[in-house]
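Everything below concerns the one structure shown next.
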Amino acid sequence: MDKALLSKTAAAMVARGKGILAADESSGTCEKRFQSVNVECTEENRRAYRQLLFGTPGAEQFLSGVILFDETARQKANDGSLFPDYLAKKGVLPGIKVDKGVVDIPLHKGEKVTEGLDGLAKRLEEYFRMGCRFAKWRAVITIGRDIPSHACIYANAHVLARYAAACQAASIVPMIEPEVLLDGEHTIERCEEVTEATLRATYAAIAAYDVFPEYLILKTSMVVSGKDSARQAGVDEVAERTVRVLKRTVPAAQPGIVFLSGGQSDESATAHLNAMAAMKGLPWPLTFSYSRALQNPALKAWKGQAGNVAAAQKAFHHRAQMNALACQGKWRAELERQAA
Ligand code: 13P
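Numbering (our numbering) for the sequence shown: 31 to 370.
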């Protein structure tokens, strides 16, 4: 375990004014996204789309890192270099999704636990040799009638902690992502309660497995109203509740926290981040690690056509820039300045 490298990587991931692009959609998820714009989900189209994103001129000034899917980490960029090297040359840290997706939890209908611990140490060694310096593991917590169960929160917390320990041993910074889904009719109060219980259990497991908080990044969902809830909380309420939960649960020793967008609209994801990052006296920097909220407009502009690449890159550059402002709490002021 190279502690100096872990510390340097973690600090770079949350460098001021930058965030992380999640581009680690599995081929199945990619298929869904591509279908929405009528693009065939071939290996070459997936490569071409990632090239479009990673090759966007100037986007590197807003991105500290990119999370890759295994397939992408082995593909070549247009200049012939492998994508991890291509990103590193631009000063962007290559990261890698290492979980293997979710399976049902026996005896717990509708609940999932994430797989991928078997053989993980060997895979991490290879990813390190390929240049990947941080990793991601996503756990999924669903809110519904009588769920999440204790079993779901407990099982996911323990696999997250075991994954994090394996990463640190391999000198790779673990990003732990316990995502509380926003689907459902639940209230924001219920989301807050579930998010707090999830993070408490996760950090109890992190401590139980002797994971160092100093070399750990949390990727969390925000505390929001359920997508179909009758009352949709406003930006300030989301920001206050989310930060309250984080302050109660996340060690101050941790170098930073990043957010997923989870199906929020592009603008909501930016507005929520901006409101939280503008708060004074937080123990950690906050930034974005969005997939959909960074990529949606670019995907729509691209539609699989080489002739649309420049327009798609412009759309991606804009969202990256807006979120880079938001993670410094400067986005709203910039909007007002532009409107004036
Ligand atoms: P979204 O921002 O689209 O939620 O994706 C982030 C992510 O990495 C999910 O694992």
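From the three backbone atoms N, C-alpha and C, an ideal C-beta is built for every residue, glycine too.
Tell me whether residue i, by its Cβ, gets closer than 8 angstroms to a heavy atom of the ligand 13P.
i    : result
G110 : no
G95  : no
A299 : yes
L229 : no
G214 : no
A323 : yes
L290 : yes
A52  : yes
G293 : yes
S319 : yes
R80  : no
R168 : yes
E101 : no
K142 : no
K249 : yes
E207 : yes
Decide if residue i is buried, meaning its Cβ has at least 16 other Cβ atoms within 10 Å, or exposed.
i    : result
Q335 : exposed
D368 : A small correction: the amino acid at residue 368 is Gln; Asp does not occupy that position in the sequence shown. Exposed, by the Cβ-count rule.
N186 : buried
E141 : buried
P87  : exposed
V67  : exposed
L276 : buried
L229 : buried
M31  : exposed
V133 : exposed
H180 : exposed
A282 : exposed
L137 : exposed
S251 : buried
R80  : buried
A299 : buried
A34  : exposed
A370 : exposed
A260 : exposed
Would residue i pass as a contact of residue j if the rule is Cβ separation under 9 angstroms?
i    : j    : result
D54  : K166 : yes
S291 : Y320 : yes
P315 : I287 : yes
L146 : G131 : Reading off the sequence shown, one finds Gly at residue 146, where the question assumed Leu. Yes, the pair counts as a contact, with Cβ atoms nearer than the cut-off.
Y233 : V189 : no
E73  : E101 : yes
E209 : I171 : yes
F84  : G125 : no
A269 : H302 : yes
S56  : F99  : yes
S94  : F158 : no
A227 : P178 : yes
R220 : I173 : yes
I183 : A231 : yes
R362 : A323 : no
Here's a check: name, in chain order, each residue in its chain whose Cβ is nearer than 6 angstroms to the Cβ of residue i, leaving out the five neighbours to either side.
i    : result
Y193 : W167
A308 : G359
E364 : L355
Y116 : A107
I236 : A191
K257 : L212, D213
A195 : Y239, V241
R76  : C60
Sorted by chain position, which residues of the same chain lie with C-beta nearer than 8 angstroms to residue i's C-beta, five sequence neighbours on each side aside?
i    : result
A354 : G47, K48, G49, Q91, F92
P82  : Rather than Pro, the amino acid found at residue 82 in this sequence is Leu. Cβ neighbours of L82 beyond the five flanking positions: A328, W332, V339, A342, Q343, F346.
A263 : I218, V254, S255, R271
I14  : Since the first residue shown for the chain is 31 and the last is 370, residue 14 is missing from the structure and cannot be characterised.
Q273 : First, the amino acid is wrong: residue 273 is Val here, not Gln. Excluding sequence neighbours, V273 sits near M306, M309, L312.
Q65  : C71
R175 : none
Give me, in chain order, the residues of the same chain whose beta-carbon lies closer than 7 angstroms to that of residue i; leave out the 5 immediate sequence neighbours on both sides.
i    : result
A41  : P285
Q198 : M31, L36, P204, V241, F242, Y245
A331 : N338, A341, A342, A345
E207 : K166, W167, R168, A169, K249, L290
T39  : L123, R163, F164, V203
R153 : V128
G121 : E90
D266 : A305
A224 : Before going further, note that residue 224 is Val rather than Ala in the sequence given. These residues qualify, in order along the chain: I171, I173, P178, V210.
When you measure from the CB of residue i to every non-hydrogen atom of the ligand ADP, does any distance come out below 8 angstroms?
i    : result
L290 : Absence of the ligand ADP from the depicted structure is noted, with the ligand 13P being the only ligands included.
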